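Residue numbering for the sequence shown follows the UniProt record's numbering, beginning at 1 and increasing consecutively.
Data first, discussion second: the structure below is written as structure tokens.
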Amino acid sequence: MSTPRKRREALVYHAKPRPGKIEVVPTKKHSSQRDLGLAYSPGVAEPCLEIEKDKQNAYKYTNKGNLVAVISNGTAVLGLGDIGAEASKPVMEGKALLFKIFADIDVFDIEVDTKNIDDFINTVKNIAPTFGGINLEDIKAPEAFEIEERLKAELPIPVMHDDQHGTAIISAAALLNALELAEKKIEEVRVVVSGAGSAAIACIKLYALLGVRKENIVMFDSKGAISKGREGLSDKQIEFATSRQIKSLGEALENADVFLGLSIGGVLKPEMLSSMAKDPIVFAMANPDPEIDYDLAIKTRKDVIMATGRTDFPNQVNNVLGFPYIFRGALDVRATKINEEMKMAAVKALARLAKEPVPEQVNIAYAETRLNFGRDYIIPKPFDPRLITEIPPAVAKAAMESGVAQNPIKDWEAYKEELLERMGSEDKITRLLINRAKQNPKRIVYAEADHLDVLKAAQQVYDEKIAIPILLGRRDVILELMTEIEFEGEDIIIIDPKSDEEEKKRNEYAEALWKKRSRKGVTLYDAKKILRERNYFAAMMVEKGDADAMLSGYSRAYPSVLKPILELIGKENGVTNVAATNLMNSKRGPIFISDTSININPDASVLAKIAQMTAKTVKMFGIEPVIAMVSYSNFGSSKNPNAVKVKEAVDYLHKNFPEIAVDGELQVDFALNKKMRADKFPFSKLNGKKVNTLIYPNLDSANGTYKLMKELNSAGSIGPILMGLNKPAHVFQLGASVDEMVNMSAVAVVDAQQKSKRKL
Numbered sequence: 001m002s003t004p005r006k007r008r009e010a011l012v013y014h015a016k017p018r019p020g021k022i023e024v025v026p027t028k029k030h031s032s033q034r035d036l037g038l039a040y041s042p043g044v045a046e047p048c049l050e051i052e053k054d055k056q057n058a059y060k061y062t063n064k065g066n067l068v069a070v071i072s073n074g075t076a077v078l079g080l081g082d083i084g085a086e087a088s089k090p091v092m093e094g095k096a097l098l099f100k101i102f103a104d105i106d107v108f109d110i111e112v113d114t115k116n117i118d119d120f121i122n123t124v125k126n127i128a129p130t131f132g133g134i135n136l137e138d139i140k141a142p143e144a145f146e147i148e149e150r151l152k153a154e155l156p157i158p159v160m161h162d163d164q165h166g167t168a169i170i171s172a173a174a175l176l177n178a179l180e181l182a183e184k185k186i187e188e189v190r191v192v193v194s195g196a197g198s199a200a201i202a203c204i205k206l207y208a209l210l211g212v213r214k215e216n217i218v219m220f221d222s223k224g225a226i227s228k229g230r231e232g233l234s235d236k237q238i239e240f241a242t243s244r245q246i247k248s249l250g251e252a253l254e255n256a257d258v259f260l261g262l263s264i265g266g267v268l269k270p271e272m273l274s275s276m277a278k279d280p281i282v283f284a285m286a287n288p289d290p291e292i293d294y295d296l297a298i299k300t301r302k303d304v305i306m307a308t309g310r311t312d313f314p315n316q317v318n319n320v321l322g323f324p325y326i327f328r329g330a331l332d333v334r335a336t337k338i339n340e341e342m343k344m345a346a347v348k349a350l351a352r353l354a355k356e357p358v359p360e361q362v363n364i365a366y367a368e369t370r371l372n373f374g375r376d377y378i379i380p381k382p383f384d385p386r387l388i389t390e391i392p393p394a395v396a397k398a399a400m401e402s403g404v405a406q407n408p409i410k411d412w413e414a415y416k417e418e419l420l421e422r423m424g425s426e427d428k429i430t431r432l433l434i435n436r437a438k439q440n441p442k443r444i445v446y447a448e449a450d451h452l453d454v455l456k457a458a459q460q461v462y463d464e465k466i467a468i469p470i471l472l473g474r475r476d477v478i479l480e481l482m483t484e485i486e487f488e489g490e491d492i493i494i495i496d497p498k499s500d501e502e503e504k505k506r507n508e509y510a511e512a513l514w515k516k517r518s519r520k521g522v523t524l525y526d527a528k529k530i531l532r533e534r535n536y537f538a539a540m541m542v543e544k545g546d547a548d549a550m551l552s553g554y555s556r557a558y559p560s561v562l563k564p565i566l567e568l569i570g571k572e573n574g575v576t577n578v579a580a581t582n583l584m585n586s587k588r589g590p591i592f593i594s595d596t597s598i599n600i601n602p603d604a605s606v607l608a609k610i611a612q613m614t615a616k617t618v619k620m621f622g623i624e625p626v627i628a629m630v631s632y633s634n635f636g637s638s639k640n641p642n643a644v645k646v647k648e649a650v651d652y653l654h655k656n657f658p659e660i661a662v663d664g665e666l667q668v669d670f671a672l673n674k675k676m677r678a679d680k681f682p683f684s685k686l687n688g689k690k691v692n693t694l695i696y697p698n699l700d701s702a703n704g705t706y707k708l709m710k711e712l713n714s715a716g717s718i719g720p721i722l723m724g725l726n727k728p729a730h731v732f733q734l735g736a737s738v739d740e741m742v743n744m745s746a747v748a749v750v751d752a753q754q755k756s757k758r759k760l
């Protein structure tokens, strides 16, 4: 059960700032009377008449082709059981969110208040003309089987019950690869299944299509083995009933090759695992507690190949690897159904993808030196950006080859480009960043922890294991606020730099500060006085190795926070000017903007250094930098010194760092518009590339641009990210939101991870 605080957090998340997790957004202009006349009366009559002539025109003139219904009656919601239609709505909205962020599919969630099969089916059939596909969700077995089968037979659009087929598809891909690693033939392996619900039956049906023999399968429910002659079995269960006289799960597992768990935690005992055949394959997918704990399984059998449903262990069987991409491919060819051929295509595409070299972005996200196909990597990771370009095309091709596609794809390269463009609107980079930070949390000192929002950010960072917070400020205030927000943790360090308790540490830091700046007018007395100021104290903690990174700036002006950082931490070797970049999560994907905070009017050499540092930072996020050095002119069209310095910076980079993809000077529209750039400047080194980094010629333009994007386009911003410091320190924007501070905490952790590697 959740703690009271976690319960409140979940409720507030769903209720504020506006209820729910999804909204409807216009996709056409609607600013003028002309626009409204086209959107509705009288202009809307024209597409209506075209659809009346041919219903297929609905795909041409409406959003039907990119709209899926997520439909439930709330009879089997998560582990909550039969909680009713309305109570299932938050889960259905969550599913809608996943469809959108992973595959850019729009969703209406539909909650049908009936347990009557006929009524449910008739309701779905009557609303089906609205949609391009139907995703059934959280409907209890055995009703779920009949509902899906009848709707698939009676509707001309794709229908899939993800609870069944999602797990089946992902685990089947894992099974193929696990068998390859174990050097076992699928038609020879013995499979034991714990669980006999809809997901387990769907899994075993798919495994049988792949080649597992039914006589080699033994399935268990809470009453024992599913055996022939046993009363009360459903038709689906009878299909996989065994003729063997099996008395227990332990007996069935002797010399078995595969264990598939979709039941409850702890049912697979170590002695049962020990009795399995060489190189046993164990898919323990009960959540939150697997049928056998991962660490216990590895300790019991060194040769086990294991997958679970959890994110904190290797080989997570996660449905998000399947349903968004399967529907994406089905919608894009206007498939009339999702058939076995399409599901099998998804299985094989997932299995194949796990055997290909992993992009550095994925390695970075999971803090791996290099993920390679093997026992700990038999299925792709959910953050793998290749999923969108590999699974939908495979599904679409299978739909075409099996005769259910109404709108065949002819140009597959163009289709893959289109799929990549779809993913620009989501902030996957933020999830990657936080996930990477969690792999190796670092100690972050928050210099303004006696401010409520800063403390809330530190609490979230602590709870999610992004970092280990050290809280600076007035102890009594911090403790009072921690009680108010129920921030608990025995290992939380609270430091008041002005307190008597910190006198020894303060004096130690003062000595170090005095030695560092004694020739710059700082006396020992001054140093002791300065160290009572929390930003100096925090910076010295980082400098002396008592913290891995610092964050400040929520309540104080940027220059006043930056000053102690520059004085105490200083610059990396070879860096002349510290600079800052902001990561903007825009609709076209992540865009880095430099220098947004420090250098007012850099010359050509400093601009070139800023570009180099930004390129290094972009790579830290697992992205290959493509840099445009921007100006108000294009490739020498102005001889003004402000434009010339940009050209000189580019010339320097081309000569000395040819490996960096950079060009300019360029106006921003040409930098971001590939077609315009190619048409007007076919010689540009950026042609054929999507620019993701903009280096501005001065602080005015860079700072103004990122703030304009943030306010007008609601583009999420991470930054300013300081570049060129010897140790990790970053400055919040004045009044930053809790989310922004959490994201900056993740940046600080990743920065610390990188800097610690360089020193090894």
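Ideal placement from N, C-alpha and C gives every residue a C-beta, glycine not left out.
Everything numeric in this text was worked out from a predicted model, so none of it was measured.
State buried or exposed for residue 622, treating a residue as buried only when at least 16 other CB atoms are found within 10 Å of its CB. buried
Check residue 717 in the structure and name its three-state DSSP category. strand
At which residue ranges does the UniProt domain "Malic enzyme N-terminal" (19 to 152) contain complete beta strand (DSSP E) runs of 3 or more residues, listed in the order of the chain? 67 to 72, 106 to 111 and 133 to 136
Residue 252 versus residue 192 - alpha carbon distance: 7 angstroms
Is it buried or exposed for residue 452, if we count other Cβ within 10 angstroms and need 16 for buried? exposed
Grab me the residues of residue 511's own chain with a C-beta within less than 8 angstroms of its C-beta, minus the 5 sequence neighbours each way, in chain order. 524 and 527
The beta strand (DSSP E) spanning residue 193 covers which residue range? 191 to 194
Give the range of the beta strand (DSSP E) segment to which residue 468 is assigned. 468 to 472
Alpha carbon of residue 707 to alpha carbon of residue 279, nearest angstrom: 56 angstroms
As a quick exercise: from 102, 103, 107 and 101, pick the residue whose alpha carbon is nearest that of residue 89. 107
Among 545, 686, 716 and 110, whose alpha-carbon lies nearest the alpha-carbon of residue 74? 110
Nearest residue (CA-CA) to residue 123, options 97, 154, 100 and 101: 154
Give the straight-line distance between the Cα atoms of residue 557 and residue 734, rounded to the nearest whole angstrom. 7 angstroms
Touching or not, the stretch 132 to 141 and the stretch 59 to 74, by the rule of three or more beta carbon pairs under 8 angstroms? yes
Would the stretch 461 to 481 count as touching the stretch 569 to 581 if we require 3 or more Cβ pairs under 8 angstroms? no
List in chain order: all unbroken beta strand (DSSP E) runs of 3+ residues lying wholly within the stretch 679 to 719. 693 to 695
Three or more C-beta pairs closer than 8 angstroms, one from the stretch 636 to 651 and one from the stretch 439 to 454: is that the case here? no
Counting pairs of beta carbons, one from the stretch 176 to 196 and one from the stretch 279 to 288, are three or more of them closer than 8 angstroms? yes
By the DSSP assignment, the alpha helix (DSSP H) with residue 582 in it spans what residues? It is not in any alpha helix (DSSP H) - residue 582 instead sits in the beta strand (DSSP E) that spans 579 to 586.
Between which two residues does the alpha helix (DSSP H) carrying residue 632 extend? Per DSSP, residue 632 belongs to no alpha helix (DSSP H) and is neither H nor E.
DSSP three-state call for residue 157: helix, strand or coil? coil
Using the DSSP secondary-structure output, state which residues sit across from residue 377 in a beta bridge. 374
Determine the closest residue to residue 175 out of 684, 380 and 104, with distance taken between C-alpha atoms. 380
Spatial neighbours of residue 189 within its chain, please: C-beta separation below 6 angstroms, excluding the five flanking residues on both sides. 257 and 258
Could you check if residue 55 is buried or exposed, using at least 16 other CB atoms within 10 Å of its CB as the buried criterion? exposed
Residues of its chain near residue 425, where Cβ-Cβ distance is below 6 angstroms and the 5 sequence neighbours each way are ignored: Bear in mind that the predicted position of residue 425 carries a pLDDT of just 43, short of 50, making it too unreliable to give a figure here.
Cβ contact (3+ pairs, closer than 8 angstroms) linking the stretch 695 to 709 and the stretch 627 to 635: yes
Coarse secondary structure for residue 425, derived from DSSP in three states: Note that residue 425 has pLDDT 43, beneath the 50 cutoff, so the model's placement of it is unreliable and the number below is only indicative. If DSSP states are grouped into helix, strand and coil, residue 425 belongs with the helices.
Where do the ends of the alpha helix (DSSP H) carrying residue 552 lie? Element bounds for residue 552: not the alpha helix (DSSP H) but the beta strand (DSSP E), 549 to 552.
Pair every Cβ in the stretch 225 to 243 with every Cβ in the stretch 292 to 304, then say whether three or more of these pairs are closer than 8 angstroms. no
Buried versus exposed, by CB contacts within 10 Å (16 or more), residue 1: Its pLDDT being 48, under 50, residue 1 is placed unreliably by the model, and nothing is read from it.
Determine the direct distance from the alpha carbon of residue 437 to that of residue 225, and round the result to whole angstroms. 45 angstroms
How many Å lie between residue 274 and residue 304 at the Cα? 10 angstroms
Is the beta carbon of residue 559 sitting closer than 9 angstroms to the one on residue 536? no
With a 10 Å radius around its C-beta and 16 neighbouring C-beta atoms as the bar for buried, classify residue 48 as buried or exposed. exposed
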